[in-house]
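Those sequence lines, one after another, are chains A and B. Position 12 of the first sequence, counted from 1, bears residue number 17 in this note's numbering, the numbering being contiguous throughout. Position 25 of the second sequence, counted from 1, bears residue number 30 in this note's numbering, the numbering being contiguous throughout. Below you'll find the structure, written out as structure tokens, and then a few comments.
2 protein chains.
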Amino acid sequence: MENLRELFQIMIRRFGFLDKYCCSTDEYNISLVQSHILYEVDRRPGQSIQTISETLGMEMSTFSRQIQTLVKMDLVKKSPSPEDGRVFVLRLTEEGKGVARQIDQQMNAFLDDVFSHMSSFEKETVIRSIQLLNASMAQSDGCCSCKTEISLATKES
Amino acid sequence: MENLRELFQIMIRRFGFLDKYCCSTDEYNISLVQSHILYEVDRRPGQSIQTISETLGMEMSTFSRQIQTLVKMDLVKKSPSPEDGRVFVLRLTEEGKGVARQIDQQMNAFLDDVFSHMSSFEKETVIRSIQLLNASMAQSDGCCSCKTEISLATKES
DNA sequence: CCAATAAATTTGTATTTTGCAAATATAGGT
DNA sequence: ACCTATATTTGCAAAATACAAATTTATTGG
Numbered sequence: 006m007e008n009l010r011e012l013f014q015i016m017i018r019r020f021g022f023l024d025k026y027c028c029s030t031d032e033y034n035i036s037l038v039q040s041h042i043l044y045e046v047d048r049r050p051g052q053s054i055q056t057i058s059e060t061l062g063m064e065m066s067t068f069s070r071q072i073q074t075l076v077k078m079d080l081v082k083k084s085p086s087p088e089d090g091r092v093f094v095l096r097l098t099e100e101g102k103g104v105a106r107q108i109d110q111q112m113n114a115f116l117d118d119v120f121s122h123m124s125s126f127e128k129e130t131v132i133r134s135i136q137l138l139n140a141s142m143a144q145s146d147g148c149c150s151c152k153t154e155i156s157l158a159t160k161e162s
Numbered sequence: 006m007e008n009l010r011e012l013f014q015i016m017i018r019r020f021g022f023l024d025k026y027c028c029s030t031d032e033y034n035i036s037l038v039q040s041h042i043l044y045e046v047d048r049r050p051g052q053s054i055q056t057i058s059e060t061l062g063m064e065m066s067t068f069s070r071q072i073q074t075l076v077k078m079d080l081v082k083k084s085p086s087p088e089d090g091r092v093f094v095l096r097l098t099e100e101g102k103g104v105a106r107q108i109d110q111q112m113n114a115f116l117d118d119v120f121s122h123m124s125s126f127e128k129e130t131v132i133r134s135i136q137l138l139n140a141s142m143a144q145s146d147g148c149c150s151c152k153t154e155i156s157l158a159t160k161e162s
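Below you can see the structure in the form of structure tokens.
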């Protein structure tokens, strides 16, 4: 079990492929970053441009332009916050929710496939481990600013 | 433990940050893809352009240009294969190995930090789980073409 | 040995993405 | 109202990407 990093590097690469191949649907050609944006807007609707760009670790200017694109595609709705006229608040359109759901299904189908090679005990163990990892990464603010909100993810452990 | 995808999405995002923040060193400003290239060339020296671009899931033309950049930076050495004059074979320069080692150290330091929040039993379990995941993903060719070679990664389990 | 076909890599080129700084717009305090 | 801070957008130049066409070397069948 030496070379911890190799283990993780390969896993990350694999999930990167997964992510990449699951982001387009029949009707829409969604880029990887766009799928991440849809995911996060779907998960936490009503958040501001700034909040979500930070969560995803993107430059705000880049993010702003991606949102413009997604608004033009009619997948995201951008409305001024009633509380603060400077901030804009993001939500998915019905169309956008449909796309997000499709991506979600593709991802889950793949994950099911991966887990089909394990016993249910192994599956439980792996899931438990990912939860542990997520929790530990949330605690550890040593290296990188992992600002990802995981309240929702850890809540239902 | 419903919503498998959320669990993984957050983990991938976190490791994406990690990856991103660990790829530059004091002397070199390495991009994320470049760090992946260095990693893979280091891991399997003497592979062809085509092989590595496929392993990393990049367009060969894009990859070719990235290699040109890395050769100019004197991190990668590109030499014609003695067996087949059409193929070029990649290795890291001493400088490149140094950079790869530095990135590796940063990653491992972060991973150690993450694991410091766990008991050694938990750590063992998590590592075992990642190995399992990698193995299962290697078997599963359902969704995406996960061509990633893991022979080295799984060998020493 | 030559012509034709195939494979590995590079180059042309147009498009997209990105990063940083400057601009714009709105809030809030004094 | 004036000044400062915060949220977002825009200008612009640099880098990354995709796809097709070009280049180079191998291989194969006559």
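Glycine residues also receive a C-beta, built at the ideal position from the N, C-alpha and C atoms.
Note down, in chain order, each residue of its chain lying with its Cβ closer than 7 Å to the Cβ of residue 10 (chain B), except the 5 sequence neighbours on either side. none
Give, in chain order, every residue of the region 49-79 of chain A whose Cβ lies closer than 7 Å to some Cβ of chain B. 62
According to the Cβ coordinates, are residue 137 (chain A) and residue 123 (chain B) closer than 9 Å? yes
Report yes if the C-beta distance between residue 96 (chain A) and residue 51 (chain A) is below 9 Å; otherwise report no. yes
Cβ neighbours of residue 82 (chain B) in the same chain (closer than 6 Å, five flanking residues each side left out): 96 and 98
Roughly how many angstroms lie between the CA atoms of residue 23 (chain A) and residue 115 (chain A), to the nearest whole one? 8 Å
Where residue 143 (chain A) falls, given that 16 or more other Cβ within 10 Å makes a residue buried: buried
Rounded C-alpha distance that separates residue 59 (chain B) from residue 109 (chain B): 22 Å
Keeping to the same chain, check which residues put their C-beta closer than 7 Å to that of residue 25 (chain B); ignore five residues upstream and five downstream. 37
Helix, strand or coil for residue 92 (chain B) per DSSP? coil
Just to confirm my understanding: we take residue 84 (chain B), look at its own chain, exclude 5 residues before and 5 after, and list those with CB closer than 6 Å. What are they? 94
What would DSSP say about residue 86 (chain B), mapped onto helix, strand or coil? coil
8 Å CB neighbourhood of residue 64 (chain B) in its chain, flanking five on each side removed: 58
Contact criterion: CB-CB distance below 9 Å. Does residue 34 (chain A) meet it with respect to chain B? no
Going by the DSSP bridge assignment, what does residue 97 (chain B) pair with across the sheet? B:81
Am I right that residue 135 (chain B) and residue 13 (chain A) are in contact with their C-beta atoms under 8 Å? What's the rounded C-beta distance? 7 Å
Neighbouring residues, chain B, relative to residue 43 (chain A) (Cβ below 9 Å): What residue 43 (chain A) touches in chain B: nothing, since even the nearest Cβ is about 11 Å away.
Based on the DSSP secondary-structure assignment, which residues constitute the bridge partners of residue 66 (chain B)? Paired residue(s): none; residue 66 (chain B) is not in a bridge.
Who are the near neighbours of residue 71 (chain A) in its chain, counting only those whose CB is closer than 7 Å to its CB and skipping five residues on each side? 38, 39 and 42
What in chain B is Cβ-close to residue 130 (chain A), meaning under 7 Å? 130 and 134
Check each residue of the region 17-32 of chain A: if its Cβ is closer than 9 Å to any Cβ of chain B, include it; give the result in chain order. 17, 18, 19, 20, 21, 22, 23, 24, 25, 26 and 27
Could you give the first and the last residue of the continuous alpha helix (DSSP H) run that contains residue 24 (chain B)? 9-26
Indicate whether residue 30 (chain B) and residue 107 (chain B) have their beta-carbon atoms separated by less than 9 Å. yes
Proximity test, Cβ basis, 9 Å: residue 2 (chain B) and chain A: The requested residue 2 (chain B) does not occur in the structure, where chain B is confined to residues 6 to 162.
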